[in-house]
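Colleague: According to the working numbering, the sequence shown is numbered sequentially starting from 13. Built from N, CA and C at the ideal position, the CB exists for glycine as well. Keep in mind the model is a prediction, meaning the values are calculated, not measured. Quick one: this structure, given as structure tokens, is what I'll be asking you about.
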Amino acid sequence: MTDAEIEITADLVRDLLQEQHPDLAGRALREVAGGWGNQMWRLGDELAVRMQRMDPTPELQLKERRWLPVLAPRLPLPVPTPVRFGEPSERFPKHWTVMTWVPGEPLDHGSISRGAHAADTLAGFLRALHVEAPAEAPIATDRGAHPRNCTDGFENFFQAVAPNDIAADVRAVWDDAVAAHAWEGPPVWVHGDLHPANVVVSDGTLSGIVDFGGMFAGDPAWDLAAAWVLLPAGTASRFFDMYAHADEATIRRARGLAAMKSLFLMLMGQNGDRGLPGGKPNWGPAGRAALDRVLRGV
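Structure representation (structure tokens):
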């Protein structure tokens with residue numbers, strides 16, 4: 013059995029806690045549905061254990077360990093913050109981390125009914141996050157580039173799932189993003205992976221942001237795409253008014269990236285419908301709804 017095939021069970025998680033953090037081993041333990049690169053287990057009411065599963069390296073967890081304690085204190089929404097480190101051992105040769113639990117329901121299993129409040133909340137969160145990052149901050153390897161450098165990814169998604177009736181409109185949005193000026197400011201902190209499974213909602217609005225494994229220093233447009241990917245129809249304009257720091261070129265890049273992210277969600281939904289590993293059937297409708305919002309503009 014390879015490392016990637018190790019079955020992560022409640023008994024294994026409890027044994028690891030007993031070995032490395034015995035004071036936590038007696039708390040209630042229950043698996044959290046979902047997750048691909050990492051598997052999550054609730055630990056009592058306030059903590060969670062994040063187990064490296066399909067991620068080939070510990071880089072993402074180590075990044076969260078290093079930087080979330082720095083970022084969390086100035087962010088206006090709850091985010092998971094590492095509190096204990098689990099190191100590779102003979103029983104489990106991968107990293108694992110005990111983190112604070114962010115209460116709420118993932119948006120891909122919930123909904124936003126208070127659109128204006130959610131738009132204001134997301135804008136405030138990203139305004140607080142998007143500050144100049146230090147020189148030693150991580151740089152993205154698979155995301156973060158100008159749309160013109162992401163054409164292959166867009167084309168793959170576009171060819172796989174773009175509906176014929178709107179294909180020309182989707183390509184026009186992408187081409188406009190490719191033509192937009194590049195980010196000219198200093199690299200800022202970017203979450204990098206804002207999609208419906210990485211935000212949580214409660215009481216009809218956004219209540220937390222999770223999974224910072226993809227965070228990097230770079231172009232904020234990668235996060236601003238969330239105006240269309242996450243928020244209900246008709247709220248993007250309010251979001252950008254509240255954010256107040258995005259120029260026209262940044263909004264154009266963000267809109268194109270939102271189109272690409274929407275196509276990705278649709279592809280993951282298609283994979284789920286086909287029973288492929290990692291597929292998410294419920295992401296398909298979410299992606300199509302997001303793409304419709306992209307086409308309506310700001």
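In its own chain, which residues sit with a C-beta less than 7 Å from the C-beta of Ile18, not counting the 5 before and 5 after it?
Modeller: Hits under 7 Å: Phe104.
Colleague: Any heavy atom of the ligand ZN closer than 7 Å to the Cβ of Arg183?
Modeller: Summarising the ligand content, the structure contains no ligands, and the ligand ZN is consequently not present.
Colleague: Quick check on this structure: which residue in Trp53, Thr153 and Gly226 has the alpha carbon closest to the alpha carbon of Val25?
Modeller: Ranking Trp53, Thr153 and Gly226 by Cα distance to Val25 puts Trp53 first.
Colleague: With H, G and I counted as helix, E and B as strand and the rest as coil, what does DSSP make of Gly98?
Modeller: Gly98 falls in the strand class under three-state DSSP.
Colleague: Throw me the rounded Cβ distance for the Ala266 and Leu236 pair, which I believe falls under 8 Å.
Modeller: The Cβ separation is near 4 Å, so the contact holds.
Colleague: Answer yes or no: does any C-beta atom of chain D fall closer than 8 Å to that of Val25?
Modeller: Of the protein chains in this structure there is only one, and it is not chain D.
Colleague: Below 8 Å, how does it come out for the segment 57 to 71 and the segment 97 to 114: are there three or more Cβ pairs, yes or no?
Modeller: As far as the Cβ criterion goes, the segment 57 to 71 touches the segment 97 to 114, which means the pair count is three or higher.
Colleague: Give me the Cα-Cα distance between Met13 and Val44, rounded to the nearest whole angstrom.
Modeller: With a pLDDT of only 38 at Met13, under the threshold of 50, the placement of this residue in the model should not be trusted; the figure read from the coordinates follows. Met13 and Val44: Cα-Cα distance of roughly 24 Å.
Colleague: Going by CA-CA distance only, name the one from Arg78, Gln73, Val95 and Ala84 that's closest to Asp35.
Modeller: Nearest option by C-alpha distance: Val95.
Colleague: Closest to Met278 by CA distance: which of Pro70, Pro208, Asn161 and Asp154 is it?
Modeller: Nearest option by C-alpha distance: Pro208.
Colleague: Who are the near neighbours of Asn294 in its chain, counting only those whose CB is closer than 8 Å to its CB and skipping five residues on each side?
Modeller: Taken in chain order, the residues that qualify are Asp120, His121, Gly281 and Gly284.
Colleague: Can you give me the C-alpha to C-alpha distance between Arg217 and Phe251, rounded to a whole angstrom?
Modeller: According to the sequence shown, residue 217 is Thr rather than Arg. Distance between the alpha carbons of Thr217 and Phe251 is about 14 Å.
Colleague: Could you tell me which whole alpha helix (DSSP H) segments of length 4 or greater appear in the segment 151 to 213?
Modeller: Counting only runs of 4 or more, we get 163 to 173 and 179 to 191.
Colleague: At what residue ranges does the segment 223 to 303 contain a whole run of the beta strand (DSSP E), taking only runs of 3 or more?
Modeller: Correct list: 228 to 230.
Colleague: If you reduce the DSSP assignment to three classes, tell me which class Pro118 lands in.
Modeller: Strand at Pro118.
Colleague: Is Trp113 helix, strand or coil by DSSP?
Modeller: Coil.
Colleague: Spatial neighbours of Gly291 within its chain, please: CB distance less than 8 Å, with the 5 preceding and 5 following residues excluded, ordered by chain position.
Modeller: Once the five neighbours on either side are set aside, the close Cβ partners of Gly291 are Met280, Gly281, Gln282, Asn283, Gly284 and Asp285.
Colleague: By the 10 Å Cβ neighbour count, where 16 or more other Cβ atoms means buried, how is Leu288 classified, buried or exposed?
Modeller: Burial call: exposed.
Colleague: Taking just the CA atoms, how far does Asn50 sit from Ile20?
Modeller: Using only the alpha carbons, I get a separation of about 10 Å.
Colleague: Can you give the Cα-Cα distance for Pro198 and Phe169, rounded to whole angstroms?
Modeller: When rounded, the distance between both Cα atoms is 30 Å.
Colleague: Which residue or residues does DSSP assign as beta-bridge partners of Leu41?
Modeller: Note: Leu41 sits in a beta bridge opposite Leu55.
Colleague: Is the beta carbon of Ala140 less than 8 Å from the beta carbon of Pro88?
Modeller: Yes; because the gap between Cβ atoms is below 8 Å, this pair is in contact.
Colleague: Determine the contact status of Gly230 and Lys75, defining contact as a CB-CB distance below 8 Å.
Modeller: No.
Colleague: Using a Cβ-Cβ cut-off of 7 Å (strictly less than) and excluding sequence neighbours within five positions of Val306, which residues of its own chain qualify?
Modeller: Hits under 7 Å: Val185, Trp240, Arg267, Ala270, Ala271 and Ser274.
Colleague: Taking Trp234 as the reference, which of Gly299, Trp195, Gly56 and Asp223 has the closest Cα?
Modeller: Ranking the options by Cα distance to Trp234, first place goes to Trp195.
Colleague: Is the Cβ-Cβ distance between Val213 and Ile151 less than 8 Å?
Modeller: Their beta carbons are not under 8 Å apart, which means Val213 does not touch Ile151 by this criterion.
Colleague: For Ala145, which residues in the same chain have their Cβ closer than 7 Å to its Cβ, ignoring the five residues on either side in sequence?
Modeller: Excluding sequence neighbours, Ala145 sits near Pro199, Val200, Trp201 and Ala229.
Colleague: For the alpha helix (DSSP H) containing His136, name the first residue and the last one.
Modeller: According to the sequence as given, residue 136 is Gly; it is not His. Segment Gly127 to Leu141, the alpha helix (DSSP H) holding Gly136.
Colleague: Please list, in chain order, all residues of the same chain as Ala192 whose beta carbon is under 6 Å from its beta carbon, the five residues on each side excluded.
Modeller: Closer than 6 Å at Cβ, skipping near neighbours: Ala261, Arg264 and Arg265.
Colleague: Given that a residue counts as buried once 16 or more other Cβ atoms are within 10 Å of its Cβ, and exposed if not, what is Pro159?
Modeller: Label assigned to Pro159: buried.
Colleague: If Pro100 sits next to Gly220, beta carbons under 8 Å apart, how far is it from one beta carbon to the other, in whole angstroms?
Modeller: Actually they are not in contact, since the Cβ atoms of Pro100 and Gly220 sit about 29 Å apart, beyond 8 Å.
Colleague: Is the distance from the Cβ of Tyr255 to the Cβ of Ala128 below 8 Å?
Modeller: Their beta carbons are not under 8 Å apart, which means Tyr255 does not touch Ala128 by this criterion.
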